[in-house]
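Residue numbers (UniProt numbering): 1 to 275.
The beta carbon of each residue, even a glycine, is placed where N, CA and C say it ideally should be.
Keep in mind that this is a model prediction, so the values were computed, not measured.
Taking it in order: structure first as structure tokens, then the write-up.
Below is the structure:
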């Protein structure tokens, strides 16, 4: 029994086990399966070179089984022909031995031709089919060699495809890693730049606000000093750069340290009334 390999689902040809001498239809089905499967040789995911070799080997086994059966049939036919033709062959050989040549010198030139004719007529009939059998066996051997060479080429081609796929995946992985490194470097630089840029405006804004605060404090002090109707109680309206009034701190500290205002310069309420 000759069992075929298991075919994938995308191959529509159905192959079953072969018992005895394979028929032409069974061999044709195997050949059709091989041709259909080899159409996927350019798609690595759908083509297995080992399965292709197994299919070729299965076809070769079927062809050899049919060839051996033919040889056995021919041998049996030749044996029967040998038994049936043995008596005529002996008669022909005996007649060839009893041929009388009246003039040997005159017939020397014709002896090779007559001997060849005698031997040709005396040759058994079963020798006739042997050259054809040898030709068929040589043809089958050549066909088997071609199948083996074809399978080797397919295996080599599949190996090349696998190597190319591995090289492409390695190159893609390398390019992806380089891209990630560049992105990480760019992100770090961008983040550092943004952090620096965000710090600088904050520092600038802080300085601007301090200057504005100083200007506002001086404007307030100038307004209070320039108003002639202010009394000593107007001191509570003054604030320093920290927003503190004289009432929130000690009077000595407010007059000596934090308050730029000098109470001695403020006109008193009595003097203002006298004027």
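Check this for me: beta carbons of residue i and residue j, under 8 Å apart or not?
i, j, result
"residue 241", "residue 215", "no"
"residue 56", "residue 147", "yes"
"residue 36", "residue 13", "yes"
"residue 151", "residue 53", "yes"
"residue 41", "residue 154", "yes"
"residue 238", "residue 221", "yes"
"residue 44", "residue 165", "yes"
Please list, in chain order, all residues of the same chain as residue i whose beta carbon is under 8 Å from its beta carbon, the five residues on each side excluded.
i, result
"residue 136", "67, 70"
"residue 21", "65, 66, 69"
"residue 27", "59, 62, 63, 66"
"residue 140", "63, 64, 67"
Which residues in the same chain as residue i place their Cβ atom closer than 6 Å to its Cβ, once the five residues preceding and following it in sequence are excluded?
i, result
"residue 19", "1"
"residue 4", "15, 58"
"residue 258", "Below a pLDDT of 50, predicted positions are generally treated as unreliable, and residue 258, at 45, falls in that range; no measurement from the model is reported."
"residue 17", "1, 3"
"residue 32", "13"
"residue 6", "none"
"residue 144", "60"
"residue 269", "Here the model assigns residue 269 a pLDDT of 40, short of 50, so the residue's position is not dependable, and the following value carries that caveat. These residues qualify, in order along the chain: 231."
Kindly list the residues whose CB is nearer than 7 Å to the CB of residue i, restricted to its own chain and excluding five residues on each side of it in sequence; keep chain order.
i, result
"residue 133", "71, 74"
"residue 10", "46"
"residue 361", "The requested residue 361 is not part of the displayed model; the chain covers only 1 to 275."
"residue 49", "154, 155, 158"
"residue 213", "241"
"residue 38", "52"
"residue 252", "Low per-residue confidence applies at residue 252: pLDDT is 45, beneath 50, and the placement is therefore not dependable enough to give any value."
According to the neighbour-count rule (16 or more other Cβ atoms, all chains shown, within 10 Å of its Cβ), is residue i buried or exposed?
i, result
"residue 201", "exposed"
"residue 30", "buried"
"residue 8", "exposed"
Original post:
Which whole runs of the alpha helix (DSSP H) in the segment 5-48 are 4 residues long or more, in chain order?
Top reply: 24-38
Original post:
Going along the chain, which unbroken runs of the alpha helix (DSSP H) with 4 or more residues stay wholly within the segment 128-204?
Top reply: none
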